[in-house]
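Single-structure report; data block below.
Number of protein chains: 4
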Amino acid sequence: MINLALMGAGRIGKMHAEIITAHPEANLQFVYDVNEGFASQVAKQNDAEAVSSPEEAIINDKINAILIASATPTHTQFITMGAKAGKAIFCEKPIDLDINKVNECMKEINGIDVPIQIGFNRRFDNSHAKVQQAKLNREIGDLEMLIITSRDPEPPGLDYLNAAGGFFRDTTIHDFDLSRFILGNDPIIEVSAFGENLFDENAKKAEDYDTAMFVLKSKAGVMIHINNSRRAVYGYDQRVEAFGSKGMIISNNQTPTSVERYNDFSTSSKEPALHFFIQRYEQAYRDQFNHFIESIKNKCKPSVGFEDGRNALLIANAAYESNRLKKTIEINYE
Amino acid sequence: MINLALMGAGRIGKMHAEIITAHPEANLQFVYDVNEGFASQVAKQNDAEAVSSPEEAIINDKINAILIASATPTHTQFITMGAKAGKAIFCEKPIDLDINKVNECMKEINGIDVPIQIGFNRRFDNSHAKVQQAKLNREIGDLEMLIITSRDPEPPGLDYLNAAGGFFRDTTIHDFDLSRFILGNDPIIEVSAFGENLFDENAKKAEDYDTAMFVLKSKAGVMIHINNSRRAVYGYDQRVEAFGSKGMIISNNQTPTSVERYNDFSTSSKEPALHFFIQRYEQAYRDQFNHFIESIKNKCKPSVGFEDGRNALLIANAAYESNRLKKTIEINYE
Amino acid sequence: MINLALMGAGRIGKMHAEIITAHPEANLQFVYDVNEGFASQVAKQNDAEAVSSPEEAIINDKINAILIASATPTHTQFITMGAKAGKAIFCEKPIDLDINKVNECMKEINGIDVPIQIGFNRRFDNSHAKVQQAKLNREIGDLEMLIITSRDPEPPGLDYLNAAGGFFRDTTIHDFDLSRFILGNDPIIEVSAFGENLFDENAKKAEDYDTAMFVLKSKAGVMIHINNSRRAVYGYDQRVEAFGSKGMIISNNQTPTSVERYNDFSTSSKEPALHFFIQRYEQAYRDQFNHFIESIKNKCKPSVGFEDGRNALLIANAAYESNRLKKTIEINYE
Amino acid sequence: MINLALMGAGRIGKMHAEIITAHPEANLQFVYDVNEGFASQVAKQNDAEAVSSPEEAIINDKINAILIASATPTHTQFITMGAKAGKAIFCEKPIDLDINKVNECMKEINGIDVPIQIGFNRRFDNSHAKVQQAKLNREIGDLEMLIITSRDPEPPGLDYLNAAGGFFRDTTIHDFDLSRFILGNDPIIEVSAFGENLFDENAKKAEDYDTAMFVLKSKAGVMIHINNSRRAVYGYDQRVEAFGSKGMIISNNQTPTSVERYNDFSTSSKEPALHFFIQRYEQAYRDQFNHFIESIKNKCKPSVGFEDGRNALLIANAAYESNRLKKTIEINYE
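Protein chains in written order, with the numbering used here: chain A, -14 to 319; chain B, -14 to 319; chain C, -14 to 319; chain D, -14 to 319.
Written out as structure tokens, the structure is:
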């Protein structure tokens, strides 16, 4: 049985607590949150113990692994603390919004050999993963174009936006990582980014975008298009299209049921897409955690680690520069 | 150039006139209709000549072929007249509603060698024909089940119903023939029929059904289900599903455009199905006539002839018997 | 916490054990199986205790409810024992293959007020349930036709067939019940059944069918078509189509992922349908059990009970008579 | 009857000849082609007369309108000649590859009031037109993103490529125009273009691209993505997606039939997309010509004229500049 400490008991922390509890080989031991009420509640619902400091949760011999789902600015601190205490680490994306803090953290934990997994959940979605496999096994021949559509069902509030680090670092970072996942060992070398504020007053107040498009290129010449919106009235729109010399594979949207309706104005109508990430990526969140547990048990590196978190952030940062300068930016991964 | 006389200038006659005119190797010479105004109008619109008797249209050396689209009770008379005059004959379905008249006509024209084609247009639909080919070339292995859904968009008027010969002989006859087409040389041997009057007041007045289901069996054991309705609010519903030992092929509905809509209550919504037979089977009607012209040119028997019209009627008659007696009826093709 | 005894630890019993274990308000206490090895294994995997007689499992004060997943001939015995001991009862379908045993059991438990739920899992499938709701709330106007396609991915072995009670009682019984579920308070009054042995040697040996079609009528005139096969190479084919005066709703097949493939011979290709009932109806099995627990907690009658099990069997029996006599049979529910 | 002279009797000229011939109010009088054999053949097949100079075809009192389908460098010369002779003009896209020649031509015909229509056929496709209507009538609320996928089934030969003026001017020009069509009176103000040579040896020899992506912005802030390829093994891929504040509308691909196949490795498989432009846009080509005839009859300006041809070329030229400089280029329409 692997004993875990959960850092952060907000919406996503609560979801992780339930996943841990449901896993036959994992046990939720401690819950820490800066808001003690949140910690107590999640602890209670999952037969765990609420603790009042990060150290109590992390630096404890009972604990094998920590799951970091706290506010982004605390991530690097907990990663460092966990790594130094020899714990396996699962950290929600992003590692941090500031590349300097990410680099410092990388230096701090340099040479420490613990499994670190970053929460890029979409890599574990069975449908998106089929696209990656089709690229890998050359089912579609040479990959030539990759097109990712990623639109939230509705915009978040102003508080969220003010802390989120901007649309590209908060949202598109998933798509940058998904592109990297599908490309495999063919790195992304260039990015052109285009942001707009078209409808969301909160985004305007936060000086953020609500709509964006991107074109990226890989070293092998693969062209990647990403488009994002903070609002899609028909649900959480999550599509991936990989086009190659021998065909195309599309990971399509998913609806709550397989029902189709016919009436006097429309036919074959499906339901709106599954509403948001916890529903749409339920299977992915579960399998992501399975992978973490398997990595610990088999003492192997998780398939998505610190370096992946850092690289996606570097692309996001280059995207901001491209958007500001209105030109294509080469990405420097050093 | 093949010169044709058109018998009947109603809705379907008008459509045939346009198809003849558009064909590069056919010429519409004469138009006859019991309503002289109809004949004149169709003649005028197609650079043809209206004539005032069937004999003038049919028994004329200029004429190579006749196309019979007049009222059903006149069909056998015109077939006989045309055959005796040595003309190629295209006759709309059904040959007649009365099997005795069909049998008499068969006897009358026995031994006369002219091409006779019956207007079972659905055989010429490119999508349905793919189902027939898939059966023929064993793409789906052994055919085991055939399921035909055939629902009109809206019910006809009382006058039509009073003359139509009943739902099974007017509507299902197409599905009986389509089943025979797909089965190829495996004959239908049994029919069970179930009719209901669920919604249409005119059908009730005409003592007719508006909703029906059928189960048929072929000699080889293929099971066939047909369902019919006089009304489908989402358009003309025309589906054929062939299920076999190695897979399934479905000929699906068709919409006017390839547009799909997404909004806050539905996704992937297509338009209603093409509204009715002239739109849905436009390609089939054209290719049906091409086949007639080719048969004349190549002096060969059309792929769907008098025998097919008679056999479909025999199944419809057996269906009425089954429905009356509430039991399965064996079909006697003698 | 509701403590359960599981009767039967075969494939379906094992699945139920896992569902019980995963439920936050249920506890698997005892496992009984005529094969003690099966019982021990399932007990061990679910922290329960294997017992060596039905009485030990059922007649025990610790036990609140029993879940019967044993061989069909034992069902009525366990129902009776459980009811007399005052336990809530969940029993897999069918109650029994012999209507006399079902009637006897009904008499035996007459007047005993315990919740009894029969395992017609498809009623709890979210997609099929939307069809039932659409009928209920008249979203499609008046229901006129109901078409159920239900084809297993592959045929069972000879042992299974010899014990299964025949295709109509083993397989179609689900579709009879699903029809009854969707019709609501409009009873099925007539059945016409057509069975064939087209491909399965084991079915032939067991004197059973592998392919079947049915037409049923409800009191209100709704026409129902069911078709069944023991084998569909493209997966477990489970479709429900409800057609009415204002439209149509279809519960369609489901695939493991939302991937579509495009290559030089096909486009928009989805994966084969989810392979079999445990995968396809995973959500339904879970929610079926939730409903059982809720019924116990709220001391109310489960929505699908003994009467439903009996009625579906009466339809199956009438179907056999129809098939034998080649005529429509009225169903007597007395 | 409107009498036409056809300039150019190659593949596309031949298609136009057939469309003219089939039109009830149009008559093909003269055919001119630099290759006299081509001219004779097309003339013969359409009951027209081959002439040996442009002047004979255009400057003739019998002629009401000219249809220019000759090599691109001859377009402006024939437009000028036709306009000065007072003929209505239909000209295939592009007007010319050289903006200077386009501007000169514009000056030459300035003040001459004849209908001029440019052959942007996609505007007349019923499916794409529904997208434009949905934008216009605000069915999808405010348009925010437009995504056009346009991929040819197979690359052209080297000769074609050497004369075509480059991928952006030859192919993407259709997508630039389609974007302009859907945007209506909201002009495109910026373009970012990205070309690659990934697979086509001929394109490499012609120093041309075979794969490209674009991001454009309109004055109102609408973001437009276009992606192009010279080869798609699954057919001519022509999709348009318009995303807005109240929903989305997609004009999807079209297949030759409505057949779907199911086997042991895939389900719901459709056929490859209609192979190329003459098949896919058959309806659009016909209705484009209808519109030209209606414009002549009603003495009104065609909905897509010289200015549209020029503007699409200006965007293509800006796209080349963007691709060269790796930055976003503002479009100057002066």
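C-beta atoms are modelled at their ideal positions from N, C-alpha and C, and glycine is treated no differently.
Go to residue 239(B), then tell me how far its alpha helix (DSSP H) extends in each direction, as first and last residue.
As a first step, residue 239(B) must be located in the second sequence, where it is residue number 254. No alpha helix (DSSP H) contains residue 239(B), which DSSP labels as neither H nor E.
Exposed or buried, residue 50(C), counting other C-beta atoms within 10 Å across all chains shown (16 or more means buried)?
Here residue 50(C) refers to the residue found at position 65 of the third sequence. So residue 50(C) counts as buried.
Determine the direct distance from the alpha carbon of residue 198(D) to that of residue 294(A), and round the result to whole angstroms.
Taking the first residue of the first sequence as position 1, residue 294(A) is located at position 309. Taking the first residue of the fourth sequence as position 1, residue 198(D) is located at position 213. Computed Cα separation, rounded: 27 Å.
Can you give me, in chain order, the residues of the segment 231 to 260 of chain C that have a beta carbon less than 8 Å from any beta carbon in chain A?
231, 232, 233, 234, 235, 236, 237, 238, 239, 241, 242, 243, 244, 245, 246, 247, 248, 249
Going by DSSP, name the residue or residues bridged to residue 233(A).
Here residue 233(A) is taken as the residue at index 248 of the first sequence, counted from 1. DSSP lists 228(A), 247(C) as partners of residue 233(A).
Just verifying my parser: in three-state terms, what is the DSSP assignment at residue 300(C)?
Position 315 of the third sequence holds residue 300(C). In the structure shown, residue 300(C) sits in a helix (DSSP, three-state: H, G or I).
Could you check which residue in 87(A), 61(A), 181(A) has the C-alpha nearest to that of residue 309(A)?
By 1-based counting over the first sequence, the position of residue 309(A) is 324. Put simply, of 87(A), 61(A), 181(A) the residue whose alpha carbon is nearest the alpha carbon of residue 309(A) is 181(A).
Start and end residues, alpha helix (DSSP H) containing residue 254(A)
Start at 1 with the first residue of the first sequence, and residue 254(A) comes out as number 269. Element bounds for residue 254(A): n/a, residue is neither H nor E.
Assumed close pair residue 101(C), residue 262(C) - CB separation to whole angstroms, cut-off 8 Å:
As a working mapping, residue 101(C) is identified with position 116 in the third sequence. As a working mapping, residue 262(C) is identified with position 277 in the third sequence. Not confirmed; about 22 Å, so no contact.
When the Cα of residue 257(D) is compared with those of 232(A), 237(A), 251(A), which residue comes out closest?
In the fourth sequence, the residue the question calls residue 257(D) occupies position 272. Of 232(A), 237(A), 251(A), the residue nearest in Cα terms is 232(A).
Taking residue 36(D) and residue 68(D) to be in contact with their CB atoms under 8 Å, please state how far apart those CB atoms are, rounded to whole angstroms.
Numbered from its first residue, the fourth sequence carries residue 36(D) at position 51. Numbered from its first residue, the fourth sequence carries residue 68(D) at position 83. With 8 Å as the limit, residue 36(D) and residue 68(D) do not qualify as a contact, their Cβ atoms being about 19 Å apart.
According to DSSP, is residue 96(B) part of a helix, a strand, or is it coil?
Locating residue 96(B) in the second sequence gives position 111, where the first residue counts as 1. DSSP places residue 96(B) in the coil class of the three-state scheme, outside both helix and strand.
Would you kindly work out how many angstroms separate the C-alpha atoms of residue 3(D) and residue 259(D), rounded to a whole number?
By one-based count along the fourth sequence, residue 3(D) stands at place 18. By one-based count along the fourth sequence, residue 259(D) stands at place 274. Between residue 3(D) and residue 259(D), the C-alpha separation is close to 20 Å.
So, with DSSP's three-state summary, where would you put residue 164(B)?
The residue given as residue 164(B) occupies position 179 in the second sequence. Residue state, collapsed to three classes: helix.
Once DSSP output is grouped into helix, strand and coil, what is the label at residue 65(D)?
Reading the fourth sequence from its first residue, position 80 is the one you call residue 65(D). Three-state result, residue 65(D): helix.
Closer than 7 Å at the beta carbon, the chain C residues around residue 311(B):
Your numbering for residue 311(B) matches position 326 in the second sequence. The answer, in chain order, is 312, 313.
Leaving aside the five residues before and after residue 78(D) along the sequence, list all residues of the same chain whose C-beta is less than 8 Å from its C-beta, in chain order.
Stepping through the fourth sequence from its first residue, residue 78(D) is reached at position 93. Hits under 8 Å: 103, 104, 105, 158, 159, 162, 294, 297.
Beta-carbon contacts of residue 321(B) that lie in its chain and below 6 Å, excluding the five residues immediately before and after:
Residue 321(B) lies beyond the stretch modelled for chain B, which goes from -14 to 319, so this question has no answer here.
Considering just the uninterrupted stretch of the alpha helix (DSSP H) at residue 135(B), what are its terminal residues?
Start at 1 with the first residue of the second sequence, and residue 135(B) comes out as number 150. Counting along the chain, residue 135(B) falls outside any alpha helix (DSSP H), though it belongs to the beta strand (DSSP E) covering 128 to 136.
Given that residue 115(B) touches chain D, what residues does it touch there, using C-beta distances under 8 Å?
Your numbering for residue 115(B) matches position 130 in the second sequence. Near residue 115(B) (Cβ distances below 8 Å), the residues of chain D are 242, 244.
Identify which residue in 23(C), 139(C), 153(C) has its Cα closest to the Cα of residue 212(C).
As a first step, residue 212(C) is located in the third sequence; it is residue number 227 there, counting from the start. When only C-alpha atoms are compared, the closest one is 153(C).
Within its chain, find whatever has a CB closer than 6 Å to the CB of residue 303(D); leave out the 5 residues flanking it on each side and keep chain order.
Position 318 of the fourth sequence, counted from the start, is the residue given in the question as residue 303(D). These residues qualify, in order along the chain: 176, 314, 316.
Could you name the residues of chain D that residue 219(C) contacts, counting a contact when the two beta carbons are closer than 7 Å?
Taking the first residue of the third sequence as 1, we reach residue 219(C) at position 234. Per Cβ cutoff of 7 Å: 247, 248, 249, 252.
Secondary structure, alpha helix (DSSP H): runs of 4+ residues fully inside the segment 145 to 192 of chain C
The qualifying runs are 158 to 168, 186 to 190.
Indicate whether residue 226(B) and residue 167(B) have their beta-carbon atoms separated by less than 7 Å.
Walking along the second sequence from the start, residue 226(B) turns up at place 241. Walking along the second sequence from the start, residue 167(B) turns up at place 182. In this structure, residue 167(B) does not lie closer than 7 Å to residue 226(B) by Cβ.
Residues within the segment -10 to 23 of chain C neighbouring chain B, beta-carbon criterion of under 8 Å:
From the segment -10 to 23 of chain C, no residue has a Cβ closer than 8 Å to chain B.
According to the Cβ coordinates, are residue 33(C) and residue 52(C) closer than 7 Å?
Reading the third sequence from its first residue, position 48 is the one you call residue 33(C). Reading the third sequence from its first residue, position 67 is the one you call residue 52(C). Taking 7 Å as the Cβ cut-off, residue 33(C) and residue 52(C) do not qualify as a contacting pair.
Three or more C-beta pairs under 8 Å: does that hold for the segment 237 to 253 of chain D against the segment 266 to 280 of chain D?
Fewer than three beta-carbon pairs drawn from the segment 237 to 253 of chain D and the segment 266 to 280 of chain D are found closer than 8 Å, and the two stretches are therefore not classed as touching.
Does the segment 120 to 137 of chain D touch the segment 241 to 253 of chain D, meaning 3 or more C-beta pairs lie closer than 8 Å?
no
Nearest candidate by alpha-carbon position, reference residue 135(A), set 23(A), 19(A), 223(A), 249(A)
Along the first sequence, read from residue 1 onward, the residue named residue 135(A) stands at position 150. Measuring from the Cα of residue 135(A), the nearest candidate turns out to be 223(A).
Mind listing the chain D neighbours of residue 112(B)? Cutoff is C-beta to C-beta under 8 Å, in chain order.
Position 127 of the second sequence, counting from 1, holds the residue named residue 112(B). Chain D residues near residue 112(B): 242, 243, 244.
State the start and end residues of the unbroken beta strand (DSSP E) segment that holds residue 17(A).
Taking the first sequence and counting its residues from 1, one reaches residue 17(A) at position 32. Start and end: 11 to 17.
Identity of the residue in 299(D), 306(D), 307(D) nearest residue 88(D) by Cα:
Numbered from 1 along the fourth sequence, position 103 holds the residue referred to as residue 88(D). Nearest of 299(D), 306(D), 307(D) to residue 88(D), Cα basis: 299(D).
Does the separation of the CB atoms of residue 138(D) and residue 221(D) fall below 7 Å?
Translated into positions along the fourth sequence, residue 138(D) becomes position 153. Translated into positions along the fourth sequence, residue 221(D) becomes position 236. Contact: yes.
Between which two residues does the beta strand (DSSP E) carrying residue 59(D) extend?
For the purposes of this step, residue 59(D) is taken as residue 74 along the fourth sequence, with counting starting at 1. Note, residue 59(D): premise wrong, no beta strand (DSSP E); not H, not E.
Mapping the DSSP letters down to three states, classify residue 261(B) as helix, strand or coil.
The sequence position of residue 261(B) within the second sequence is 276, counting from 1. The answer is coil: DSSP assigns residue 261(B) none of H, G, I, E or B.
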